[in-house]
Amino acid sequence: MPIPEEVTGEEIDKDVRQELQSLPKTLADDVARNLVMVARLIDEDPEGAYAYSRIALRLASRVAAVREAAGFAAYASQKYSEALAEFRAARRMTGNVDLWPVMADCERGLGRPEKALDMAGAPEVHKLDKAGQVEMRLVAAGARRDMGQLDAAIVTLQSPELASNSVQPWTARLRYAYADALLAVGREAEAREWFAKAVEADRDGSTDASDRLAELDGVEFTDALDDSEDGDAKLDAEDKTEDKAEAEAEAHAAAPGDAAEAGHKAEADED
C-alpha cells in the first residue's frame, strides 16, 4: 500500500523504535512507516489502518509492538477474534498486563461477557495502573449490561475515581458510562446530572455527552442551511399565490369570452 513520502518512520514512539532496532535498518524503516500509517488512520479509517498493520505484521511478526499495533487495528475494525490473538501474542512476548482490559473487551465483542467478568476478577487486574483499573471497571460494567444486569452495572461503576472531583484522562468516559447506565434504568434526573459532569471533564471531545445532555433537555438542533432553503421555498410559494391572484383579477375584468383563457394562464403561471 502507498505511504506518503513525508512519512519517514521517525514519528513513532521511541520505545517502539527501540524494539525495531533488532531488525535490519531498511526493514525497520519499512515497518516503522507502516506503523505510523496505522496510528494515523486507526480513528478515521480503521480498515485502512488494519491493512497497514497486516503489512507490518508480515514484515516483523516477532516484534511485540507490531503484534500490539495489529491487535488494536483489528479491534478498531471489530475483528475481535483476531485482535485477541494478537494481544495474547504481544503479552506472551512482553509479560506485560497493560492489554488485559482490552483483551477482556474483545471477549465481550465475541459474545462472551461472562469471560470478561472472569478477567475483571483475575489477579492481573491488581497489577494494572490506575488508568488500567478504571478501564477494566468500564469493561466489567459493559459486560454486566450485556448480560442484562443493569443495576449491577451501576454498582460496578461506583468507585472513588467516579466520586473524585479531579479530572483525569479517564474521568469523562467513566462519568459518561455511569450516566448512560443510570438512564438505562430510568433514573433520568441522575443521568442528566452525570452527563453534565461528563461534559465538564470532556476537554477533548472524547464522548458525545453534550449531545446526550441536550437530548435530555429537549433541545433540537436544526441546520441553518435547511432553514434558509425552507424560507426561500416559502417566499416562492407566496410569490406564486400573489401572481395567481393578480391573474384572476385580470380575468374578472376581461370580456366573458376571455375569462377562461385568463384563468388558464393563471394556472400555467402557478405551475
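Residue numbers (numbering that gives the first Met the number 0): 0 to 270.
The beta carbon of each residue, even a glycine, is placed where N, CA and C say it ideally should be.
Exercise. Would the beta-carbon of Val96 fall within 9 angstroms of that of Val62?
Worked result: For the purposes of this step, residue 96 is taken as residue 97 along the sequence shown, with counting starting at 1. For the purposes of this step, residue 62 is taken as residue 63 along the sequence shown, with counting starting at 1. Their beta carbons are not under 9 angstroms apart, which means Val96 does not touch Val62 by this criterion.
Problem set entry | Reduced DSSP category for Lys78 - H, G, I as helix; E, B as strand; rest coil | Position 79 of the sequence shown, counting from 1, holds the residue named residue 78. Lys78: coil per DSSP, three-state reduction.
For this session: Measuring alpha carbon to alpha carbon, tell me which of Val184, Asp42, Asp203 and Tyr175 ends up nearest Ala195.
Result: Reading the sequence shown from its first residue, position 196 is the one you call residue 195. If we check each option's Cα against that of Ala195, Tyr175 comes out closest.
Exercise. Can you give the beta carbon distance from Ala279 to Val37, rounded, assuming they're within the 8 angstroms contact cut?
Worked result: In the structure as shown, the chain starts at 0 and stops at 270, and residue 279 therefore has no counterpart that could be examined.
For this session: Would you give the residue range spanned by the alpha helix (DSSP H) that Glu18 belongs to?
Result: As a working note, residue 18 is residue 19 in the sequence shown. That run of the alpha helix (DSSP H) goes Lys13 to Leu19.
For this session: Could you check the C-alpha separation between Leu98 and Asp210 for me, to the nearest Å?
Result: For the purposes of this step, residue 98 is identified with residue 99 of the sequence shown, where counting begins at 1. For the purposes of this step, residue 210 is identified with residue 211 of the sequence shown, where counting begins at 1. Rounded to whole angstroms, Leu98 to Asp210 spans 31 angstroms at the Cα level.
For this session: Can you give me the start and stop residues for the alpha helix (DSSP H) that Asp28 sits inside?
Result: Mapped onto the sequence shown, residue 28 falls at position 29. Taken as a continuous stretch (DSSP letters only), the alpha helix (DSSP H) holding Asp28 covers Lys24 to Leu40.
Exercise. Secondary structure at Pro100, three-state DSSP: helix, strand or coil?
Worked result: Taking the first residue of the sequence shown as 1, we reach residue 100 at position 101. The answer is helix: DSSP assigns Pro100 an H, G or I state.
For this session: Tell me whether Thr206 sits in a helix, a strand or coil according to DSSP, three-state version.
Result: As a working mapping, residue 206 is identified with position 207 in the sequence shown. Coil.
Exercise. Is the CB-CB distance between Tyr51 and Asn33 below 9 angstroms?
Worked result: For this step, residue 51 is matched to residue 52 along the sequence shown. For this step, residue 33 is matched to residue 34 along the sequence shown. Yes. Within cutoff.
Exercise. Quick one, which of Ala188, Met118 and Val198 has its alpha-carbon nearest Arg172's?
Worked result: Walking along the sequence shown from the start, residue 172 turns up at place 173. For Arg172, the nearest C-alpha among the options comes from Val198.
Exercise. What's the gap between the Cα of Arg66 and the Cα of Glu187?
Worked result: One-based indexing of the sequence shown puts residue 66 at position 67. One-based indexing of the sequence shown puts residue 187 at position 188. Rounded to the nearest angstrom, the two C-alpha atoms are 43 angstroms apart.
Exercise. Is Asp179 near the ligand COA, going by C-beta to nearest heavy atom under 8 angstroms?
Worked result: As presented, the structure is devoid of all ligands, the ligand COA included, so that no description of it is given.
Exercise. Around the C-beta of Val138, are 16 or more other C-beta atoms found within 10 angstroms, so that it is buried, or is it exposed?
Worked result: Residue mapping note: residue 138 aligns to position 139 of the sequence shown, counting from 1. With 16 or more other Cβ atoms within 10 Å, it is buried.
Exercise. Is Thr7 helix, strand or coil by DSSP?
Worked result: Numbered from 1 along the sequence shown, position 8 holds the residue referred to as residue 7. Correct three-state label for Thr7: coil.
Problem set entry | Among Trp169, Glu113, Glu9 and Thr7, the one whose alpha carbon lies nearest that of Arg274 | This structure gives no information on residue 274, because the portion of the chain shown stretches from 0 to 270.
Exercise. In chain order, what residues of the same chain have a beta carbon less than 7 angstroms from the beta carbon of Gly8, not counting five sequence neighbours either side?
Worked result: Mapped onto the sequence shown, residue 8 falls at position 9. The residues are Asp28, Ala31, Arg32 and Val35.
Exercise. Using the C-alpha atoms, what's the distance from Lys126 back to Leu19?
Worked result: Your numbering for residue 19 matches position 20 in the sequence shown. Your numbering for residue 126 matches position 127 in the sequence shown. When rounded, the distance between both Cα atoms is 27 angstroms.
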